[in-house]
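Scroll down for the structure; my scribbles are underneath it.
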């Protein structure tokens with residue numbers, strides 16, 4: 002059996018829409034000053050980890066985060082369309098308060114199960130399938146190596162749920178958020194994946210990275 006690939010999953014730096022807690026999926030906006038600071042922190046982490054590949058969503062906020070990390074490692078970031086954020090459909094650009102005011106019944110159902118959200122958007126299963134396909138490709142092409150993947154809050158949570166066997170409709174309850182600029186580590190092999198850390202800000206080495214029990 003081949004060694005698993007070590008995936009460092011990072012959410013892009015903060016944007017103005019995320020600062021205001023608005024849903025943003027396909028709208029292609031950049032990162033704000035805080036987001037740029039988060040990108041530099043991620044670059045420092047990447048330099049420590051020496052990934053063999055930096056793979057990013059093609060959306061601007063992800064590429065602006067991945068670029069400094071790749072440069073710190075002497076690499077160019079590569080992109081994969083499958084790492085785009087889940088399409089939020091009619092909720093794009095809105096806060097949850099605005100959504101609740103416009104459609105309180107759907108908003109209430111969404112709070113109980115995320116399967117009831119995103120009118121006109123992308124099914125959760127499709128988003129999970131996209132990112133799992135990326136993981137599987139990386140397992141084959143980068144076995145035994147480290148890859149930094151820069152993507153988005155909801156897509157990353159769906160991927161983590163799929164790896165861990167958590168029902169996709171529970172992603173909001175079981176994984177409330179992936180922190181901007183933080184890293185979650187997954188090791189993904191032929192038998193599936195295991196989560197080694199979640200939302201690690203990269204300020205200190207974790208013994209979990211070495212596979213030691215706590």
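In my numbering, the protein residues as written are 2 to 215.
Ideal Cβ positions, reconstructed from N, Cα and C, are used throughout, including at glycine.
Give the range of the alpha helix (DSSP H) segment to which residue 181 is assigned.
-> Counting from one through the chain shown, the residue named residue 181 turns up at place 180. It is not in any alpha helix (DSSP H) - residue 181 carries neither H nor E in the DSSP assignment.
Per DSSP, the bridge partner or partners of residue 189 | Indexing the chain shown from 1 puts residue 189 at position 188. Paired residues: 6 and 194.
Whole-angstrom Cβ separation of residue 84 and residue 58, contact assumed at under 8 Å?
-> Here residue 84 refers to the residue found at position 83 when the chain shown is read from its first residue. Here residue 58 refers to the residue found at position 57 when the chain shown is read from its first residue. Going by Cβ atoms, the distance from residue 84 to residue 58 rounds to 4 Å, so yes, they are a contact pair.
Which partner residues of residue 201 appear in the DSSP bridge assignment?
-> Numbered from its first residue, the chain shown carries residue 201 at position 200. Beta-bridge pairing links residue 201 to 184.
For residue 44, which residues does DSSP report across the bridge?
-> Here residue 44 refers to the residue found at position 43 when the chain shown is read from its first residue. Paired residues: none, contrary to the question.
Cβ pair residue 187, residue 176 closer than 8 Å = Translated into the one-based positions of the chain shown, residue 187 becomes position 186. Translated into the one-based positions of the chain shown, residue 176 becomes position 175. Contact flag unset, no.
So which of 179, 7, 157 and 103 has the shortest CA-CA distance to residue 126?
-> On the chain shown, position 125 is the one that residue 126 refers to. Of the candidates 179, 7, 157 and 103, the one whose C-alpha sits nearest the C-alpha of residue 126 is 157.
Just reading off the alpha helix (DSSP H) that residue 133 is part of, what are its end residues?
-> Sequence index remark: in the chain shown, residue 133 carries index 132 (1-based). Here the alpha helix (DSSP H) through residue 133 covers 125-142.
Out of 154, 133, 142 and 183, point me to the one whose CA is closest to residue 165's CA.
-> By one-based count along the chain shown, residue 165 stands at place 164. Ranking 154, 133, 142 and 183 by CA distance to the CA of residue 165 puts 133 first.
Roughly how many angstroms lie between the CA atoms of residue 3 and residue 74, to the nearest whole one?
-> By one-based count along the chain shown, residue 3 stands at place 2. By one-based count along the chain shown, residue 74 stands at place 73. About 25 Å.
Proximity winner among 76, 90 and 189, relative to residue 53 (alpha-carbon distances) | Position 52 of the chain shown, counted from the start, is the residue given in the question as residue 53. For the residues 76, 90 and 189, the minimum Cα distance to residue 53 belongs to 76.
Nearest-angstrom Cα separation, counted from residue 104 out to residue 199 = Here residue 199 refers to the residue found at position 198 of the chain shown. Here residue 104 refers to the residue found at position 103 of the chain shown. Note on geometry: alpha-carbon atoms of residue 199 and residue 104 lie some 33 Å from one another.
Residues bridged to residue 54 [DSSP beta-bridge criterion] | Looking up residue 54 in the chain shown gives position 53. Bridge partners of residue 54: 148.
To the nearest angstrom, report how far apart residue 111 and residue 161 are at their CA atoms.
-> Translated into the one-based positions of the chain shown, residue 111 becomes position 110. Translated into the one-based positions of the chain shown, residue 161 becomes position 160. Straight-line Cα distance between these residues: approximately 20 Å.
Between the stretch 32-49 and the stretch 8-16, do at least 3 Cβ pairs fall closer than 8 Å?
-> yes
Euclidean distance between Cα positions of residue 144 and residue 109 = Within the chain shown, numbered from 1, the residue matching residue 144 stands at position 143. Within the chain shown, numbered from 1, the residue matching residue 109 stands at position 108. If you take the alpha carbons of residue 144 and residue 109, they lie about 43 Å apart.
With DSSP as the reference, label residue 23 as helix, strand or coil.
-> Walking along the chain shown from the start, residue 23 turns up at place 22. Strand at residue 23.
Would the beta-carbon of residue 128 fall within 8 Å of that of residue 91?
-> Translated into the one-based positions of the chain shown, residue 128 becomes position 127. Translated into the one-based positions of the chain shown, residue 91 becomes position 90. Not in contact: residue 128 and residue 91 (Cβ atoms no closer than 8 Å).
Indicate the three-state DSSP secondary structure (helix, strand or coil) for residue 96 in the structure shown.
-> In the chain shown, residue 96 corresponds to position 95, counting from 1. In the structure shown, residue 96 sits in a strand (DSSP, three-state: E or B).
What residue does the alpha helix (DSSP H) around residue 113 start on, and which one ends it?
-> As a working note, residue 113 is residue 112 in the chain shown. Segment 105-113, the alpha helix (DSSP H) holding residue 113.
Residue 167 beta carbon less than 8 Å from that of residue 56 | In the chain shown, residue 56 corresponds to position 55, counting from 1. In the chain shown, residue 167 corresponds to position 166, counting from 1. Result no, Cβ atoms of residue 56 and residue 167 do not sit closer than 8 Å.
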